[in-house]
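Trainee: Just dropping this structure here.
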Amino acid sequence: MNWSKGWSIGIAAVVVGLTTLGVGYWAGRRTPTASAPTTVAPPAAPTATVRPQPVAPAVSAPPAAPALTTVEQAIAREEWVEARQLCQQLLQEHPESPAAAQAQQRLGDINVQLLFHPSSAPGAPFYKGYTIESGDTLGRIARRSKTTVELLQKANRLAGEKILVGHALKVPTVAFSVVVDKSQNTLTLKADEEVVKTYGVSTGKDNQTPVGTFTIVNKLVDPPWYTAQGVIPPGSPENILGTRWLGFSKPGYGIHGTTDPGAIGQSVTAGCVRMRNAEVEELYALLPMGTDVTIVD
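Here our numbering is used: the first residue of the sequence shown is 666, the next is one more, and so on.
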């Protein structure tokens, strides 16, 4: 082999290899192609926030007001049982409503109406039917039922005390009691445990009205007033007892009417409980002898 020729071939091969490597190297290092510039949209102009103008709230009636209107409508129709149920519902659902106090007052008036003029409507309270038997008198029926002859007469529209065997009477099923709250100057009439009506009263100045539970032991219509200066007759402007007296088991104390209705709600008496005359007359007709009266501070 000709060595000079061999070296020439070898050198040529090396040159070719290096040339190949160079081409590959520069192929790997391509010149980057200039890309088109990215178009960035300018920021959108801020949208102006449109704030709604405040709207004055509509003035609406309290939730209990429509219910109270419904009560008044039932009263106007003389649907007393319905009116009573509506009042009770209003007081249960809206006890803190401004209408609640008015509903409570209405309920008291409705209850008294139903006591003096019982309803035959379904759900009517306070009464049951009774058939008069031989030997019955209004007085005996009243004592057995723990009520008064006057209430039996009013409830059954009787002009007198004459009754006939076999005839039907409405007779109360409830027992009454009274709670006097000296701090509030109120008297609450209850039938069993249900509040019938709450009345404003006057109690003793300087805490003179005694506390405790007493019973009614005597009752007088148009009572005279016995004073150290003598007896002041019924009807006299100076007779502070008014038209009714319900005496307690504690002597010298009781519930009575007044000649000064403007003082109701104040602690101004010598120890008795004063009521407006029309209201003490209501109470007088309802409460029999032996009724409990509880007085609290």
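We put the CB at the ideal spot given by N, CA and C, even for glycine.
Small disclaimer: the values here were computed from a predicted structure and weren't measured.
For residue 955, does the count of other Cβ atoms within 10 angstroms reach 16, so buried, or fall short, so exposed?
Mentor: Exposed, since its Cβ has fewer than 16 Cβ neighbours within 10 Å.
Trainee: In three-state terms, what does DSSP make of residue 913?
Mentor: Looking at residue 913 - three-state DSSP - the assignment turns out to be strand.
Trainee: Sorted by chain position, which residues of the same chain lie with C-beta nearer than 8 Å to residue 803's C-beta, five sequence neighbours on each side aside?
Mentor: Closer than 8 Å at the Cβ level, and outside the excluded window around residue 803, lie 814, 817, 818, 823, 826 and 828.
Trainee: How should residue 921 be labelled, buried or exposed, when 16 other C-beta atoms within 10 angstroms of its C-beta is the threshold for buried?
Mentor: Residue 921 is buried by the Cβ-count criterion.
Trainee: Write down the C-beta distance between residue 645 and residue 851 rounded to the nearest angstrom, noting that I regard them as a contact closer than 8 Å.
Mentor: In the structure as shown, the chain starts at 666 and stops at 962, and residue 645 therefore has no counterpart that could be examined.
Trainee: Could you check what DSSP says for residue 828 in three-state terms: helix, strand or coil?
Mentor: In the structure shown, residue 828 sits in coil (DSSP, three-state: anything other than H, G, I, E or B).
Trainee: By the three-class DSSP mapping on this structure, what secondary structure does residue 908 have?
Mentor: Residue state, collapsed to three classes: coil.
Trainee: Is it a yes or a no for the stretch 787-799 touching the stretch 740-749, going by three-plus beta-carbon pairs under 8 Å?
Mentor: Yes, since at least three Cβ pairs between the stretch 787-799 and the stretch 740-749 fall closer than 8 Å, the two stretches touch.
Trainee: State the beta-bridge partners of residue 879 as determined by DSSP.
Mentor: Answer is 958, bridged to residue 879.
Trainee: On the three-state DSSP scale, how would you describe residue 952?
Mentor: Residue 952: coil per DSSP, three-state reduction.
Trainee: Take residue 874 as the anchor and find which of 960, 925 and 767 has the nearest alpha-carbon.
Mentor: Answer by Cα proximity: 960.
Trainee: When we look at the beta-carbon of residue 847 and count the other beta-carbons within 10 Å, is it buried (16 or more) or exposed?
Mentor: The residue is buried, with at least 16 neighbouring Cβ atoms inside 10 Å.
Trainee: Might you give, ordered along the chain, the residues of its own chain that have their beta carbon closer than 6 Å to the beta carbon of residue 885, omitting 5 neighbours on each side?
Mentor: These residues qualify, in order along the chain: 910.
Trainee: Is it buried or exposed, residue 812, if we count other Cβ atoms within 10 angstroms and call 16 or more buried?
Mentor: Answer is buried; the Cβ neighbour count reaches 16.
Trainee: Under the rule that 16 or more other beta-carbon atoms within 10 Å means buried, what is residue 837, buried or exposed?
Mentor: The residue is buried, with at least 16 neighbouring Cβ atoms inside 10 Å.
Trainee: Can you give the Cα-Cα distance for residue 951 and residue 871, rounded to whole angstroms?
Mentor: If you take the alpha carbons of residue 951 and residue 871, they lie about 30 Å apart.
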